[in-house]
Amino acid sequence: MAGDQALFPMGPMTNTPRPEGVLELGLLQWSILIGSVLIFVVLVAMMVRRIRRQRQQPLLHSADERLLREAGASPELIAALGQLGRERALGRLSEAQYRQQRAALLASLQEGDAAQP
1 MAGDQALFPM
11 GPMTNTPRPE
21 GVLELGLLQW
31 SILIGSVLIF
41 VVLVAMMVRR
51 IRRQRQQPLL
61 HSADERLLRE
71 AGASPELIAA
81 LGQLGRERAL
91 GRLSEAQYRQ
101 QRAALLASLQ
111 EGDAAQP
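Everything in the sequence shown is counted per the UniProt record's numbering, starting at 1 for the first residue and increasing by one.
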């Protein structure tokens with residue numbers, strides 16, 4: 001019996017040996033364990049998010065958008081060009097109609113630039 005007692009340490013404040021497979025943790029140990037697991041999960045989630053963000057393709061603005069921004073086009077003109085693009089994408093405008101209306105809008109931008117000193 002004495003040999004068995006050495007193999008199985010006594011449970012806290014009891015005279016009976018601790019049964020096999022029972023893990024006795026106090027409140028502090030449980031809080032440390034749960035906190036550590038939570039921190040690990042948060043770190044893994046942050047790394048996954050960072051890797052996904054790095055793998056995303058950067059937003060590529062069209063050359064028209066860049067030229068309009070550099071030329072100082074009015075928001076109304078940019079909105080009108082965007083509306084034309086949506087109409088073409090939905091099939092309401094043919095390619096020829098789109099190009100004609102787009103050229104007219106861009107010509108109005110160039111006329112506005114020529115009128116300003």
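Using N, Cα and C, we set each Cβ at its ideal position, and we do this for glycine too.
- The alpha-carbon separation between V44 and R55 amounts to approximately 17 Å.
- Secondary structure of G91 (DSSP, three-state): coil.
- When DSSP states are grouped into helix, strand and coil, G35 belongs to the helix group.
- By the CB criterion at 7 Å, L105 and L81 fall inside the cutoff.
- Out of G91, A107 and L25, the CA that lies nearest to the CA of A73 is found in A107.
- Taking every protein chain shown into account, the CB of L68 has 16 or more other CB atoms within 10 angstroms, so this residue is buried.
- In the three-state reduction of the DSSP assignment, L106 falls in the helix class, which pools H, G and I.
- Q101 carries a helical assignment under DSSP once its states are collapsed to helix, strand and coil.
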